[in-house]
Amino acid sequence: MHESELPTLWPFSYERCLRLPGQVTCLNLGGGGHIYAGSSDGSVRVYDSTSLKVLKAIQGLGDEVASIVCCPKPDQVLDDIYISVGCRIISFGFPSESQKLIQKPSDALMSINVGEDDDVLNELSLSGNKDRLAFCCDSGTVGVVDLASKVVSTMKAKHSSICGCVKFIPNRPSELFSAGYDHALYHFDFSQRKLLSVYNIPPSAAASGMTLSPPFVMSTAISSTGTFAAGTADGRLLLGYGGEKGSAHARNKRSKKWDGLKTDYIIELKPAEGPIVAVSFVGDSHLLVCTLMGSITRLAVQRDDKGGVKLETEWTIQAKDIEKVNSLVIVPDGTRIILGGLDKKGGGIIEIWNNATVV
Numbered sequence: 001m002h003e004s005e006l007p008t009l010w011p012f013s014y015e016r017c018l019r020l021p022g023q024v025t026c027l028n029l030g031g032g033g034h035i036y037a038g039s040s041d042g043s044v045r046v047y048d049s050t051s052l053k054v055l056k057a058i059q060g061l062g063d064e065v066a067s068i069v070c071c072p073k074p075d076q077v078l079d080d081i082y083i084s085v086g087c088r089i090i091s092f093g094f095p096s097e098s099q100k101l102i103q104k105p106s107d108a109l110m111s112i113n114v115g116e117d118d119d120v121l122n123e124l125s126l127s128g129n130k131d132r133l134a135f136c137c138d139s140g141t142v143g144v145v146d147l148a149s150k151v152v153s154t155m156k157a158k159h160s161s162i163c164g165c166v167k168f169i170p171n172r173p174s175e176l177f178s179a180g181y182d183h184a185l186y187h188f189d190f191s192q193r194k195l196l197s198v199y200n201i202p203p204s205a206a207a208s209g210m211t212l213s214p215p216f217v218m219s220t221a222i223s224s225t226g227t228f229a230a231g232t233a234d235g236r237l238l239l240g241y242g243g244e245k246g247s248a249h250a251r252n253k254r255s256k257k258w259d260g261l262k263t264d265y266i267i268e269l270k271p272a273e274g275p276i277v278a279v280s281f282v283g284d285s286h287l288l289v290c291t292l293m294g295s296i297t298r299l300a301v302q303r304d305d306k307g308g309v310k311l312e313t314e315w316t317i318q319a320k321d322i323e324k325v326n327s328l329v330i331v332p333d334g335t336r337i338i339l340g341g342l343d344k345k346g347g348g349i350i351e352i353w354n355n356a357t358v359v
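Now the structure itself:
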């Protein structure tokens, strides 16, 4: 679907929810639209996109599943996956000829320890050519795994607090960016393990008598053209367009590296009250942001012919059954929003919203 055909108006409606024993800590979508859900009880479930029935599961991982990355295989219906569990990156496959419904850790294709025993992995990110995984840790460490050689390299600089977000930068074969609870965004050349640029998020201007949450970075996203978005614990959304491929800024200045963290090209908006725990691009000109309490807002990224950018809120909806959101994914055509988190009784929940205008 072309971006001009993406649904833009209000008509998202509640579809249904799925209940799980442990809270849903992470979500991802496979190449066939299948839903992959990781839980706090050390399990992964794979759901059919149409019937929403469980197709496969992994159990007994021994710790919370913090992140899932899907890697499509041309000869398989279901994607291989990489997951972060404790200080390990573990890979599982679901070959089409296998009748096995539930896998155990002994069925893993790969398991690599990438952190110290007392460290915890957070987000994983797969490179565009699918040959590397980036990871980040509670210790502030950012690193990359070469999937062919299994060699792990860590960046020379690290965040001074928890690093929860890491992304490869499209069209930049050796660059990634990360974000942490130290209010900082880092940009690395991972081939040299070198820090290239930093953006420190300024504190919010507090109203009289009010104490605001620090600007911990809770979520990030990057578009196919190199624009980044970041959501903070104090409800702010940052958009950095200095590294956008094809923008007026980029045309005026050929750069050997991504300029996404240049201060002059970062704008800020406060679209919601409360921590922004998920942010996702829909095409290159729209964003979805979601708060911890389930307020979902869609924004348009508007550009002018002078290279300027602004954000405009299009609509907001409130999640129905989910109490606290940990993760959000949206199908590529923008017609289905899937939330994962915790319900009012402390159990796991997946909540699905559908765009009623699309048949």
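With UniProt numbering as the guide, the letters of the sequence shown map in order to residues 1 to 359.
Every residue gets a Cβ at the ideal spot worked out from N, C-alpha and C, and that includes glycine.
Continuous beta strand (DSSP E) stretch holding Arg-132: start and end: Residue numbering aside, residue 132 sits at position 132 when the sequence shown is read from its first letter. From DSSP, the beta strand (DSSP E) with Arg-132 extends over 132-137.
For Glu-64, count the other beta carbons within 10 Å of its own beta carbon; 16 or more makes it buried, fewer makes it exposed. Which is it? Here residue 64 corresponds to residue number 64 of the sequence shown, with the count starting at 1. Here Glu-64 is buried: its Cβ has 16 or more other Cβ atoms, across all protein chains shown, within 10 Å.
Could you please give me the residues that DSSP links to Arg-88 through a beta bridge? Locating residue 88 in the sequence shown gives position 88, counting from the first residue. For Arg-88, which the question treats as bridged, DSSP gives the partners Val-85 and Asn-113.
Under 8 Å: do the region 164-172 and the region 197-206 share three or more Cβ pairs, one atom per stretch? Taking a cut-off of 8 Å on C-beta distances, the region 164-172 does not touch the region 197-206, as fewer than three cross pairs fall below it.
Where the beta strand (DSSP E) through Phe-190 begins and ends: Here residue 190 is taken as the residue at index 190 of the sequence shown, counted from 1. Counting along the chain, Phe-190 falls outside any beta strand (DSSP E), and DSSP gives it neither H nor E.
Answer yes or no: do His-34 and Val-44 have a C-beta to C-beta separation smaller than 8 Å? The sequence position of residue 34 within the sequence shown is 34, counting from 1. The sequence position of residue 44 within the sequence shown is 44, counting from 1. No. Outside cutoff.
Which residues in the same chain as Val-120 place their Cβ atom closer than 6 Å to its Cβ, once the five residues preceding and following it in sequence are excluded? Taking the sequence shown and counting its residues from 1, one reaches residue 120 at position 120. Cβ within range, chain order: Asp-138.
Expected contact under 8 Å - CB spacing of Leu-29 and Cys-70 to nearest Å: For the purposes of this step, residue 29 is identified with residue 29 of the sequence shown, where counting begins at 1. For the purposes of this step, residue 70 is identified with residue 70 of the sequence shown, where counting begins at 1. The Cβ separation is near 7 Å, so the contact holds.
Which stretch, first to last residue, makes up the beta strand (DSSP E) that contains Glu-244? By 1-based counting over the sequence shown, the position of residue 244 is 244. Careful: Glu-244 lies outside any beta strand (DSSP E) and carries neither H nor E.
When the distance is taken between beta carbons, is Ile-296 closer than 8 Å to Ile-322? Residue 322 sits at position 322 when you count from the first residue of the sequence shown. Residue 296 sits at position 296 when you count from the first residue of the sequence shown. Not closer than 8 Å, so no.
Quick one: what does DSSP say Thr-154 is sitting in, helix, strand or coil? Walking along the sequence shown from the start, residue 154 turns up at place 154. It is a strand residue.
Inter-residue spacing [alpha-carbon to alpha-carbon] between Thr-313 and Lys-270: By one-based count along the sequence shown, residue 313 stands at place 313. By one-based count along the sequence shown, residue 270 stands at place 270. About 10 Å.
Taking Ala-233 as the reference, give the member of Val-144, Asp-182 and Gln-192 with the closest Cα. As a position in the sequence shown, residue 233 is number 233, starting the count at 1. Ranking Val-144, Asp-182 and Gln-192 by Cα distance to Ala-233 puts Asp-182 first.
Could you tell me how far apart the beta carbons of Val-277 and Ala-229 are, in whole angstroms, since I believe they sit closer than 8 Å? Reading the sequence shown from its first residue, position 277 is the one you call residue 277. Reading the sequence shown from its first residue, position 229 is the one you call residue 229. Rounded, the Cβ-Cβ distance is 13 Å, inconsistent with contact.
Going by DSSP in three states, Ser-208 sits in which element: helix, strand or coil? Within the sequence shown, residue 208 is the residue found at index 208, counting from 1. Summary for Ser-208: the model assigns pLDDT 48, below 50, so the residue's position carries little reliability; its value from the coordinates is reported in the next sentence. The answer is coil: DSSP assigns Ser-208 none of H, G, I, E or B.
If I measure Cβ to Cβ from Ser-160 and keep anything under 7 Å in the same chain, skipping five residues before and after, which residues do I get? Within the sequence shown, numbered from 1, the residue matching residue 160 stands at position 160. Closer than 7 Å at Cβ, skipping near neighbours: Gly-140 and Asp-182.
Using DSSP with H/G/I as helix, E/B as strand and the rest coil, what is Ser-106? Locating residue 106 in the sequence shown gives position 106, where the first residue counts as 1. Reduced to three states, the DSSP call for Ser-106 is helix.
Span separating the alpha-carbon of Val-289 from that of Lys-156: For the purposes of this step, residue 289 is taken as the residue at position 289 of the sequence shown. For the purposes of this step, residue 156 is taken as the residue at position 156 of the sequence shown. About 32 Å.
Alpha-carbon spacing of Val-152 relative to Ser-40, whole angstroms: Counting from 1 along the sequence shown, the entry for residue 152 is found at position 152. Counting from 1 along the sequence shown, the entry for residue 40 is found at position 40. Here the alpha carbon of Val-152 sits roughly 26 Å from the alpha carbon of Ser-40.
Report yes if the C-beta distance between Ile-90 and Phe-135 is below 8 Å; otherwise report no. To locate residue 90, count along the sequence shown from 1; it is residue 90. To locate residue 135, count along the sequence shown from 1; it is residue 135. No.
Label Tyr-56 either buried or exposed according to how many other C-beta atoms from any shown protein chain fall within 10 Å of its C-beta, with 16 as the threshold for buried. In the sequence shown, residue 56 corresponds to position 56, counting from 1. Note that residue 56 is Lys in the sequence shown here, rather than Tyr. Classification for Lys-56: buried.
Excluding the five sequence neighbours on either side, which residues of its own chain have a C-beta within less than 8 Å of the C-beta of Lys-53, listed in chain order? Within the sequence shown, the letter at position 53 stands for residue 53. Excluding sequence neighbours, Lys-53 sits near Tyr-47.
Trp-353, buried or exposed, once every other Cβ within 10 Å from all chains shown has been counted against 16: On the sequence shown, residue 353 is found 353 positions in, with the first residue counted as 1. Buried: at least 16 other Cβ atoms inside 10 Å.
Short of 8 Å in beta carbon distance, which residues of its chain neighbour Thr-25, apart from the five on each side in sequence? Order them along the chain. Position 25 of the sequence shown, counting from 1, holds the residue named residue 25. For Thr-25, where only same-chain residues beyond five positions count, the Cβ hits under 8 Å are Gly-38, Ser-39, Ser-40, Glu-64, Val-65, Ala-66, Asn-326, Ser-327 and Gly-340.
Excluding five sequence neighbours on each side, which residues of the same chain lie with their C-beta closer than 6 Å to the C-beta of Gln-23? Locating residue 23 in the sequence shown gives position 23, counting from the first residue. Same-chain partners within the cutoff: Ser-40, Leu-342 and Gly-348.
Alpha carbon to alpha carbon, how far is Gln-76 from Leu-109? Position 76 of the sequence shown, counting from 1, holds the residue named residue 76. Position 109 of the sequence shown, counting from 1, holds the residue named residue 109. Our two residues, Gln-76 and Leu-109, have alpha carbons roughly 15 Å apart in a direct line.
Using the C-alpha atoms, what's the distance from Thr-154 back to Asp-189? Against the sequence shown, residue 189 aligns to sequence position 189. Against the sequence shown, residue 154 aligns to sequence position 154. When rounded, the distance between both Cα atoms is 11 Å.
Taking the beta strand (DSSP E) that residue 376 belongs to, which residues open and close that run? The requested residue 376 is not part of the displayed model; the chain covers only 1 to 359.
DSSP-derived helix/strand/coil call for Tyr-181: Within the sequence shown, residue 181 is the residue found at index 181, counting from 1. If DSSP states are grouped into helix, strand and coil, Tyr-181 belongs with coil.
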